[in-house]
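Presented below is the structure to which this report refers.
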Amino acid sequence: MKTKTSLPLYRQRKPALKLAAGVSAPMVLREAVAKPGMGLTIPVRAAKAKLSALLDLVAAGQEITITSDGRPKAVLSPVGKHKPGKVFTGTWEQLKQMPMQTEGPFAEEIVRADRDGRGW
Numbered sequence: 003m004k005t006k007t008s009l010p011l012y013r014q015r016k017p018a019l020k021l022a023a024g025v026s027a028p029m030v031l032r033e034a035v036a037k038p039g040m041g042l043t044i045p046v047r048a049a050k051a052k053l054s055a056l057l058d059l060v061a062a063g064q065e066i067t068i069t070s071d072g073r074p075k076a077v078l079s080p081v082g083k084h085k086p087g088k089v090f091t092g093t094w095e096q097l098k099q100m101p102m103q104t105e106g107p108f109a110e111e112i113v114r115a116d117r118d119g120r121g122w
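In my numbering, the protein residues as written are 3 to 122.
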């Protein structure tokens, strides 16, 4: 009669993922790892295979970092969490007060030289 031995490492259960409050994992994401400072991370291959589950997590408020070779490459975050860009608050009058360019190559000359160099 065989006795039970401990499971091999690849068969052992990983600890549950720490998700944001009120977020439940729609399916088991074994490849996902919670790293300090980066939150929930997942390799790009696993992310491609489990994109629907990741989108459900993101929609529920979880931020997910996608890694390649252990380095972060992209962050999936909920739509409402993105940071707004800087808005130009200047006015036309402010732009009119700026000095006019009188020396050096003008934009038209730079573009023409670039096009000629490429054979366009």
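We put the CB at the ideal spot given by N, CA and C, even for glycine.
Since the model is a prediction, treat every value here as computed from it, not as a measurement.
For R73, the beta-bridge partners assigned by DSSP are S70. Annotated three-state conformation of G82 is helix, per DSSP. Under the three-state reduction of DSSP output, A34 falls in the coil class, being neither helix nor strand. Here DSSP, grouped into helix, strand and coil, assigns G121 to coil. Rounded to the nearest angstrom, the Cβ distance from P45 to T69 is 6 Å, consistent with a contact under 8 Å. Under the criterion of beta carbons closer than 8 Å, L97 and Q64 do not qualify as touching, at roughly 43 Å.
Ranked by Cα distance from A34, the first of G72, T104 and E95 is G72. Pairwise C-beta distances place the stretch 51-62 in contact with the stretch 77-92, as three or more of them are shorter than 8 Å.
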